Structure formats: C-alpha cells, structure tokens
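First comes the structure, then the notes that go with it.
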Amino acid sequence: MKITPRWTRCLTAATVLMSATTIAVSGPAPFASAEESGSRTIEHCLLNVNGQLPTGEYTTDPIECFETHDEVLFEIHGGAAARAVIGTHYDGLNKTGSTLTVNGVNCLGGYVNLTPTWVNRVSSTANGCPIVRHYNGANLTGSSQSTTPSSFNLSTLNNLADSIQYTT
Ligand SMILES: [Ca+2]
250 MKITPRWTRC LTAATVLMSA TTIAVSGPAP FASAEESGSR TIEHCLLNVN GQLPTGEYTT
310 DPIECFETHD EVLFEIHGGA AARAVIGTHY DGLNKTGSTL TVNGVNCLGG YVNLTPTWVN
370 RVSSTANGCP IVRHYNGANL TGSSQSTTPS SFNLSTLNNL ADSIQYTT
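Okay, structure coming up:
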C-alpha cells in the first residue's frame, strides 16, 4: 500500500499485487493512519527522474512511498518509458531498512537533491551506476563519499548526504 498521496496509482498497484499474492488485506484508508505518519516505520520510496536541468540536477516526479520494495519495482516496470534503477539508497547499513529507489535514464553524472524525508538519512546504497557519489551539501557541495557495487556502506557520509550523483 502506498504511504503518501496519489492514491489512484496506489490502488492499481496494490490491487494487482494483492491479487497476485492472494494476501488478504483490507482496502487502504483514504488517508495515512496515525501509525504510518507518526512513527518512522519502514517505507519504500520511489523518485522517478523526469528531466534534467542545465546544472545536471535531475527533476523528478513527487516522491512516492510504498509498504514494500516490490511495489516500487512494480511502479517502475509497469511504467511506459524504458528506464533503469540508477541507485537504491537505504536508511540502514548493509542495505537494510527503508529504501529510496531512484529511477533514471543513464549514469552520465546527473544528480538529485534529496527530499526532506531523505536528507541526512542514507547509510548504504545499492549502485545502479558504477559510481554513486554522496555529498554532504545540496547541489554536490561539501565533502563526498562514493559507493560502488562492492563497497556499499557509507562511513564518513553516513546519515549526512543531501545530494547524490550517478556516474561512471
Ligand atoms: Ca540512516
């Protein structure tokens, strides 16, 4: 079930997933419950790149969050455009906890400024690009730390990243 607004697509994804897995779940409430909005439960969010500014910053659709990572992948692969996950960022070390999946188009150095709910939070990253660079400041400023497919935990930048670049 999607956690943030834009319920129409949520209902579609949830309905398909529920029918596929035959999990008995009551219909989603029209608003997030107090439990969902008041505590930091694990959530799985999607940032869908829809363009790029001359500065290199990616523009994105509004962040969408779901209860499962499978729902994020369903959103990506159910979309019309051919896209790819350029990075999945995790709240916890060793790729655990809540996730932020960035759905982009290439690894040519574009970047995102993290949304308020994900600033100073990323602790590990599953690279979709060969190098994913995490910066302490917005717009690729301040100190940085890269992750690679084999080195996915942040140390000096743990819980500090404000912007993230996807490159080779
Ligand atoms: Ca964290």
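Residue numbers (this note's numbering): 250 to 417. Quick reminder that beta carbons are idealized off the backbone N, C-alpha and C, glycines included. Nothing here was measured: the structure is a model prediction, and the numbers come from that model.
Tell me whether Val-319 sits in a helix, a strand or coil according to DSSP, three-state version.
By 1-based counting over the sequence shown, the position of residue 319 is 70. In the sequence under discussion, the amino acid at residue 319 is Asp, which differs from the Val named in the question. Residue state, collapsed to three classes: helix.
Scan the region 315-386 and note each continuous beta strand (DSSP E) run of 3 residues or more that stays entirely inside, going in chain order.
Correct list: 333-341, 345-353, 360-362, 373-376 and 380-386.
Just the C-alpha distance for Leu-406 and Asn-297, rounded to the nearest angstrom, thanks.
The count along the sequence shown starts at 1 and reaches residue 406 at position 157. The count along the sequence shown starts at 1 and reaches residue 297 at position 48. Each residue's alpha carbon lies about 24 Å from the other.
From the DSSP output, in three-state form, read off Gly-305 for me.
If you number the sequence shown from 1, residue 305 lands on position 56. In this structure, Gly-305 counts as coil in the three-state DSSP scheme.
Looking only at its own chain, which residues have a Cβ that is under 8 Å from the Cβ of Ala-362, when we skip the five neighbours before and after it?
As a first step, residue 362 is located in the sequence shown; it is residue number 113 there, counting from the start. Checking the displayed sequence, the identity of residue 362 turns out to be Asn instead of Ala. Excluding sequence neighbours, Asn-362 sits near Glu-306, Ala-387, Asn-388, Asp-411 and Ser-412.
For Arg-382, count the other beta carbons within 10 Å of its own beta carbon; 16 or more makes it buried, fewer makes it exposed. Which is it?
Taking the sequence shown and counting its residues from 1, one reaches residue 382 at position 133. The residue in question, Arg-382, is buried, as its Cβ has 16 or more Cβ neighbours within 10 Å.
Can you grab the Cα-Cα spacing for the pair Ile-380 / Pro-398, in whole Å?
Looking up residue 380 in the sequence shown gives position 131. Looking up residue 398 in the sequence shown gives position 149. The alpha-carbon atoms of Ile-380 and Pro-398 are separated by roughly 8 Å.
Is it true that the CB of His-293 sits closer than 8 Å to the CB of Ser-347?
One-based indexing of the sequence shown puts residue 347 at position 98. One-based indexing of the sequence shown puts residue 293 at position 44. Yes; because the gap between Cβ atoms is below 8 Å, this pair is in contact.
Within the structure, which residues are defined as neighbours of ligand 1 by a Cβ-heavy atom distance below 5 Å, reported in chain order?
Cβ atoms closer than 5 Å to ligand 1 belong to Asp-340, Arg-370, Ser-372 and Asn-408.
For Asn-402, which residues of its own chain have a beta-carbon under 6 Å away from its beta-carbon, when the five flanking residues on both sides are left out?
For the purposes of this step, residue 402 is taken as residue 153 along the sequence shown, with counting starting at 1. Hits under 6 Å: Leu-342 and Ser-373.
Using DSSP with H/G/I as helix, E/B as strand and the rest coil, what is Glu-418?
Residue 418 lies beyond the stretch modelled for the chain, which goes from 250 to 417, so this question has no answer here.
Kindly indicate the opening and closing residues of the beta strand (DSSP E) around Thr-417.
For the purposes of this step, residue 417 is taken as the residue at position 168 of the sequence shown. That residue, Thr-417, is in no beta strand (DSSP E); it is neither H nor E in DSSP.
Pick helix, strand or coil for Pro-397, following the three-state DSSP scheme.
Here residue 397 refers to the residue found at position 148 when the sequence shown is read from its first residue. The sequence shown places Thr at residue 397, not Pro. If DSSP states are grouped into helix, strand and coil, Thr-397 belongs with coil.
Val-351 and Ile-325 - do their beta-carbons sit closer together than 8 Å?
Along the sequence shown, one-based indexing puts residue 325 at 76. Along the sequence shown, one-based indexing puts residue 351 at 102. Against a cut-off of 8 Å, the Cβ pair of Val-351 and Ile-325 comes out as no contact.
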